[in-house]
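Quick note: to get our numbering, add 341 to the position in the sequence shown (first position is 1).
Ideal Cβ positions, reconstructed from N, Cα and C, are used throughout, including at glycine.
What follows is a short report on a single structure.
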Amino acid sequence: PYTINYAEGKCLYGDDFQNFMNDTFPDRNCDDVFAKITRGSTANPLGGTYPIGPFEQVRPAYSNQSFINYEGADWSLNYRLETENAGDFTFRVSSSHILKSSTKFDDYSDEEDALDVYLYEPRSQQNISIGWRYKDFGTTLFTDRTGHMEMYRGYSTPAKSDPHMIMNLSSYYNYSPDLNFYLSIRNVEDKMPQRDEAYGFPYYNRYYFSAFGRYVTAGLEFRF
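Structure follows, in structure tokens:
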């Protein structure tokens with residue numbers, strides 16, 4: 342955000358201040374800027390004067406100047422087929438897309454889109470599941486896709502990650518009303534995320550990606 346002390350520096354010193362800060366700042370009404378600031382004496386107790394006195398009071402005059410804007414699209418499709426001899430089939434696909442996630446701190450700030458500025462903001466997320474149930478047996482194939490994201494610029498090539506997709510398989514069998522078995526295989530293809538050179542081991546952002554590759558869970562449930 343464009344802070345008052347930067348605005349004051351621009352009003353007092355103009356281009357010299359921008360050159361010193363190695364940046365550019367938008368023009369503001371300098372009378373309004375100076376009216377919000379009270380500085381102390383420029384007298385130096387050791388003799389002479391300072392170029393400018395210390396801050397004594399700053400009145401920022403808070404107002405609602407910032408905003409956050411989200412734009413996206415979500416959709417899903419469900420289909421179910423029931424047969425007499427081959428069991429029941431289900432199909433579901435869902436998708437969530439972030440089209441824009443922009444912020445602006447005040448009238449003098451640049452509008453920033455998180456998809457281009459911030460790291461690890463997925464562009465989209467998709468899920469597909471296909472299920473089959475026949476009598477007491479059922480199985481589901483579930484696919485999860487995470488869209489590409491910004492990686493650490495300057496470290497990784499390319500700067501955008503590739504989409505990451507894994508498949509999970511789960512099955513169950515109801516042997517009796519009191520006993521059932523289940524088997525689950527996560528990350529069937531044993532896919533690991535794209536390496537990001539900015540991270541140490543295991544070389545990727547663990548907030549979004551699992552540290553496990555393929556793993557299997559099996560068990561039984563018995564109800565007394």
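Strand pairing of residue i, partner residues [DSSP]
i    : result
T481 : G472 and S511
H505 : T487
A559 : L524
Q467 : S436 and R486
R380 : F396
D454 : S443
S517 : L520
Backbone CA spacing between residue i and residue j [nearest angstrom]
i    : j    : result
G479 : Q406 : 55 Å
R486 : D429 : 25 Å
T365 : F542 : 39 Å
F550 : L524 : 23 Å
R555 : E530 : 7 Å
I393 : I345 : 15 Å
D356 : N370 : 16 Å
S502 : Q535 : 7 Å
Y548 : D537 : 13 Å
Y540 : T558 : 30 Å
N515 : L561 : 10 Å
P504 : F522 : 34 Å
D457 : N385 : 48 Å
R464 : D454 : 12 Å
F379 : L353 : Just to set this straight, residue 379 is Thr in the shown sequence, not Phe. Distance between the alpha carbons of T379 and L353: 14 Å.
T383 : Q398 : 15 Å
I526 : M533 : 15 Å
P367 : Q359 : 10 Å
Residue environment, residue i, which counts as buried when at least 16 other CB atoms sit within 10 Å
i    : result
A348 : buried
I409 : exposed
F361 : exposed
P342 : At P342, the pLDDT of 42 sits below 50, so the modelled position is not reliable; the number obtained from the coordinates is stated separately. Looking at its Cβ environment, which holds fewer than 16 other Cβ atoms inside 10 Å, P342 is exposed.
E425 : exposed
G388 : exposed
E412 : exposed
G350 : buried
Y420 : exposed
Residue interval of the beta strand (DSSP E) (run including residue i)
i    : result
L524 : L520 to R527
K441 : D429 to K445
Y420 : F408 to E423
Q535 : Per DSSP, Q535 belongs to no beta strand (DSSP E) and is neither H nor E.
Where the alpha helix (DSSP H) containing residue i begins and where it ends
i    : result
A348 : I345 to Y354
Can at least three beta-carbon pairs, one atom from the stretch 466–473 and one from the stretch 442–453, be found at a separation below 8 Å?
no
With three or more C-beta pairs closer than 8 Å as the rule, is the stretch 429–444 touching the stretch 409–420?
yes
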